[in-house]
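Student: Residue 379 in UniProt numbering sits at position 379 of the sequence shown, and the numbers go up by one each step.
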Amino acid sequence: MNAHTPITAALPFAVPSSRWDESVAGKLSPAELLLYRSNLLGGDLTVTNFGGGNTSAKLEEVDPLTGEKVEVLWVKGSGGDIGSMKLDGFATLYQAKLLGLEAHYAGPDDDDKMVGFLPHCTFNLNGRAASIDTPLHSLLPFAHVDHVHPDAIIALAASSGGEAATQEIWGGKIGWLPWKRPGYTLGVMLRDYVKANPQVEGVMLAGHGIICWADSAKACYEHTVQLIADAANYLNAKLGSAPAFGGQKVAPNPDRAAIAADLMPRLRGFMTGARQKLGHFSDDAEALEFTGSVDFERLAALGTSCPDHFLRTKIAPLTLDPARLQDDAYLAQKIADYREMYAAYYERCKRPNSPAMRDSNPVVVLVPGVGRITFATDKTTARLAGEFYGNAINVMRGAEAIGDYIALDEQEAFDIEYWLLEEAKLQRMPAPKPLVGKIALVTGGAGGIGAASAARLLREGACVVLADRAADAVEEVRAGFAKQFGKDVVRAAVCDVTDEAQVQAAIDVAAREFGGLDILVANAGIASSAPIEETTIELWNRNYDVLAQGYFLTARAAWPLMKRMKEQGGSSVVFIGSKNGVAAATNASAYASAKAAANHLARCLALEGAPHGIRVNTVNPDAVIKGSKIWDGDWRKERAGAHGIDSGKELEEHYRQRSMLKRDVLPEDIAEAVYFLGSDMSAKSTGNMINVDAGNAQAFTR
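1. Looking at the unbroken beta strand (DSSP E) that takes in PRO621, where does it start and where does it end?
2. Does the structure place the segment 277-290 close enough to the segment 210-221 that three or more beta carbon pairs sit under 8 Å?
3. Provide the residue span of the alpha helix (DSSP H) that contains GLY386, from first to last.
4. Since GLU410 and ARG181 are thought to touch, with beta carbons under 8 Å apart, how far apart are those beta carbons, to the nearest angstrom?
5. For ARG456, does the count of other Cβ atoms within 10 angstroms reach 16, so buried, or fall short, so exposed?
6. Please name the residue or residues paired with LYS69 in a DSSP beta bridge.
7. Excluding five sequence neighbours on each side, which residues of the same chain lie with their C-beta closer than 6 Å to the C-beta of TYR655?
8. What is the DSSP secondary structure of PHE142, reduced to helix, strand or coil?
9. Can you check which of these residues, GLY187, ILE449, GLY695, is closest to LEU661 by C-alpha distance?
10. Extract the residue ranges of the beta strand (DSSP E) inside the segment 226-289, only unbroken runs of 3 or more that lie entirely within it.
11. Quick check on DSSP: helix, strand or coil for ASN541?
12. Between the alpha carbons of LEU40 and ARG19, how many angstroms are there, rounded?
13. If the criterion is Cβ atoms closer than 7 Å, does the pair PRO30 and LEU59 meet it?
14. With distances taken between CB atoms, is the gap from PRO265 to GLY569 smaller than 7 Å?
15. Which residue comes first and which comes last in the beta strand (DSSP E) that contains ILE576?
16. Mapping the DSSP letters down to three states, classify CYS349 as helix, strand or coil.
17. Does DSSP put LEU93 in a helix, in a strand, or in coil?
18. Can you give the Cα-Cα distance for GLY447 and LEU677, rounded to whole angstroms?
19. Taking all protein chains shown into account, decide if SER131 is buried (16 or more other Cβ within 10 angstroms of its Cβ) or exposed.
20. Residue range of the beta strand (DSSP E) that MET204 falls in?
21. Find the nearest neighbour of GLY303 within the set TYR405, LEU278, LEU267, VAL225, judged by alpha-carbon distance.
22. Nearest to LEU93 by CA position, among ASP81, GLU347, GLU61, is which residue?
23. Whose C-beta lies closer than 7 Å to the C-beta of GLN95 among residues of the same chain, with five residues either side of it excluded?
24. Check ALA699 in the structure and name its three-state DSSP category.
25. Apart from the five residues just before and just after ALA10, which ones in its own chain have a Cβ nearer than 8 Å to its Cβ?
26. Less than 7 Å between the C-beta atoms of ARG372 and ALA287, yes or no?
27. Could you tell me how far apart the beta carbons of GLY273 and MET565 are, in whole angstroms, since I believe they sit closer than 8 Å?
28. So the candidates are ALA594, TYR234, LEU553; which of them puts its Cα closest to the Cα of ASP499?
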């Protein structure tokens, strides 16, 4: 959303419609039909949010041990997303064994114990773990079951008027169960309710969602979609055109994007912990309407309702006064107060066997007139947290239209957040890559060394902004990386490093899109070769503008963001220098002396940055010919002429033989040094030069 996008007075609930395509469905096997139905449901955010909901089908399979036909429950496994999952995302379990588990169930205190029995029901050695919602599907006597959490449904489920509205909308065809945490007990309650009320076609689960069923995949899908449409139409009629949340109190700030770019690095710097945070900024209509409303503070303090929302967004958001965003003392105190609040919540609610308290920093930060900022240890999680809080805003809007919004009870919320089963899932997750939580900006990002360096950082988990003056080229590189590493972790900025405003704009992209800056790779460069008599003032200035002043401008713009990361492990500046910066070169006085100036600038900045935890080091390449755009132009011919050789393969052989190791130097070789200097492997190195030149005694630094 840009600064001029109008904010609607009331944002209606989207009304889904069937997207079933019989020409596709008619060719599918029963298991494939379940997947098709699941992908249709999960791919429509009006139906369910990312990772939310689960689907199942009871299918006839051949037992690999006995050769006999048996009934198998195919149900979405633990984790994953029904919108993007494949067939291997389903757990498969013997239905008869699942039904037999009730012999081990003595009451609600056995919920965790019952989860432990699920692996014993696995069919055909399927390694996909069954989710805690499996009993909701296995204990219902229906062939196809959907359980989803769309905003319109949760709005009913989280309102004091929800049960009455359910009766009004569906006239008894949809039942109502009070809140119960997901698990075996809820499955038993659901089965018994349906048995006692055979007329129902689905059941609202208070605070949780809806579950419904049918005899075929198509009928189940269309039943689910219709129920959501019914709820959306009902709520839209109730909302009408009246302002939501009591009307507007604070108007959207037209400078909110710039405010976010300034605010996010400062908040991030105050969030101490074992791992650095990544931010995500949203100024969508929902966020602006909610944060600028009369009821904002009252509703925000309540937190979220649906467990799916809560697990992503924490017990409550942090709210900030837009008039005090420039006050660092205020921001630091607000975050400290939030951590204290969270610790008190943990102490009030913890059980004797609760896991240790986790990160107490806020996930969601709400600013009237600015929008919603979310922080997490990786970019995708931060983005999803923002989207889930957007869902929560929609839920509050609808719930308040028919009654009072009801958030999760604090103890129930804690028991979900610190559920031992959830803790076990977290402990099974693989260790994060070394650069997860780090934010890098690479100038000259569309070139050979720049793109290779960016790829190396991305491969190790960093988020990267590619800055380059070639708009088409940098977008092409970004798009390629988005396919390879995911669209969340890479951005592009058109930036001429000789233009102070463009440099600052690129730094602002890193701040606004990711929350700050930890690694700066100053790589944008040119190369020229000419005898001194033929070196014009224009040529001289161009080298110094790009190679010396450009490095100065990027480092100066990055400095304020990097200074804020001292308490979180510090930050790193890497200059891409040159062998010619330390060794004289024939017919290259402008280029070589400008590189020497940049090298010495790095040493000066190492002195200045050390008290702030900013390390500054230099990589000196030599003759990176293959994959380098600089060597595709006049520089190749000019250097060949300076050495009196042919500019083709003879030039490459000349540089290879000139090196002590007789090897080519590639962009990927430079990227390895960039990764080393940008990572914690070099945490105690600053003011250094690393030569990556296959060996050149003339360039030895000592």
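Using N, Cα and C, we set each Cβ at its ideal position, and we do this for glycine too.
Tutor: Let me spell this out:
1. Here residue 621 corresponds to residue number 621 of the sequence shown, with the count starting at 1. Here the beta strand (DSSP E) through PRO621 covers 614-621.
2. By the Cβ rule, the segment 210-221 does not count as touching the segment 277-290, because fewer than three pairs are nearer than 8 Å.
3. On the sequence shown, residue 386 is found 386 positions in, with the first residue counted as 1. Element bounds for GLY386: 379-402.
4. Taking the first residue of the sequence shown as 1, we reach residue 410 at position 410. Taking the first residue of the sequence shown as 1, we reach residue 181 at position 181. No, GLU410 and ARG181 are not in contact; Cβ-Cβ is about 14 Å, not under 8 Å.
5. By one-based count along the sequence shown, residue 456 stands at place 456. Counting the other Cβ atoms within 10 Å of the Cβ of ARG456 gives 16 or more, which makes it buried.
6. Here the question's residue 69 lines up with position 69 in the sequence shown. LYS69 is bridged by DSSP to VAL62.
7. For the purposes of this step, residue 655 is identified with residue 655 of the sequence shown, where counting begins at 1. Within the same chain, TYR655 has close Cβ partners ALA623.
8. Here residue 142 refers to the residue found at position 142 of the sequence shown. When secondary structure is reduced to three states using DSSP, PHE142 falls in the coil class, being assigned neither helix nor strand.
9. The residue labelled residue 661 in the question sits at position 661 within the sequence shown. Closest option to LEU661, Cα to Cα, is GLY695.
10. Annotation note: the segment 226-289 contains the following uninterrupted beta strand (DSSP E) runs of length 3 or greater, listed N- to C-terminal: 278-282.
11. Here residue 541 refers to the residue found at position 541 of the sequence shown. Residue state, collapsed to three classes: helix.
12. The residue you call residue 40 lines up with position 40 of the sequence shown. The residue you call residue 19 lines up with position 19 of the sequence shown. Roughly 7 Å between the two C-alpha positions.
13. Here residue 30 corresponds to residue number 30 of the sequence shown, with the count starting at 1. Here residue 59 corresponds to residue number 59 of the sequence shown, with the count starting at 1. The answer is yes: Cβ separation under 7 Å.
14. Against the sequence shown, residue 265 aligns to sequence position 265. Against the sequence shown, residue 569 aligns to sequence position 569. No Cβ-Cβ contact shorter than 7 Å links PRO265 with GLY569.
15. Position 576 of the sequence shown holds residue 576. 571-576 is the extent of the beta strand (DSSP E) around ILE576.
16. Walking along the sequence shown from the start, residue 349 turns up at place 349. CYS349 falls in the helix class under three-state DSSP.
17. Position 93 of the sequence shown, counting from 1, holds the residue named residue 93. Under the three-state reduction of DSSP output, LEU93 falls in the strand class.
18. Numbered from its first residue, the sequence shown carries residue 447 at position 447. Numbered from its first residue, the sequence shown carries residue 677 at position 677. Roughly 20 Å separates the two Cα atoms.
19. On the sequence shown, position 131 is the one that residue 131 refers to. If you draw a 10 Å sphere on the C-beta of SER131, you find 16 or more other C-beta atoms in it, and that means buried.
20. Within the sequence shown, numbered from 1, the residue matching residue 204 stands at position 204. From DSSP, the beta strand (DSSP E) with MET204 extends over 202-205.
21. Walking along the sequence shown from the start, residue 303 turns up at place 303. Scanning TYR405, LEU278, LEU267, VAL225 for the CA closest to the CA of GLY303 turns up TYR405.
22. Position 93 of the sequence shown holds residue 93. Of the candidates ASP81, GLU347, GLU61, GLU61 places its Cα closest to the Cα of LEU93.
23. Taking the first residue of the sequence shown as 1, we reach residue 95 at position 95. Within the same chain, GLN95 has close Cβ partners LYS58, GLU71, VAL72, LEU73, SER138.
24. Sequence index remark: in the sequence shown, residue 699 carries index 699 (1-based). Helix.
25. Residue 10 sits at position 10 when you count from the first residue of the sequence shown. Unreliable positioning characterises ALA10 in this predicted model, as indicated by a pLDDT of 43, which lies under 50. The coordinate reading is nonetheless provided below. The residues are LEU239, GLY240, SER241, ALA242, PRO243, ALA244, ARG397.
26. Within the sequence shown, the letter at position 372 stands for residue 372. Within the sequence shown, the letter at position 287 stands for residue 287. Taking 7 Å as the Cβ cut-off, ARG372 and ALA287 qualify as a contacting pair.
27. To locate residue 273, count along the sequence shown from 1; it is residue 273. To locate residue 565, count along the sequence shown from 1; it is residue 565. Wrong, their Cβ atoms sit about 13 Å apart, outside the cutoff.
28. Position 499 of the sequence shown, counted from the first residue, corresponds to residue 499. Measuring from the Cα of ASP499, the nearest candidate turns out to be LEU553.
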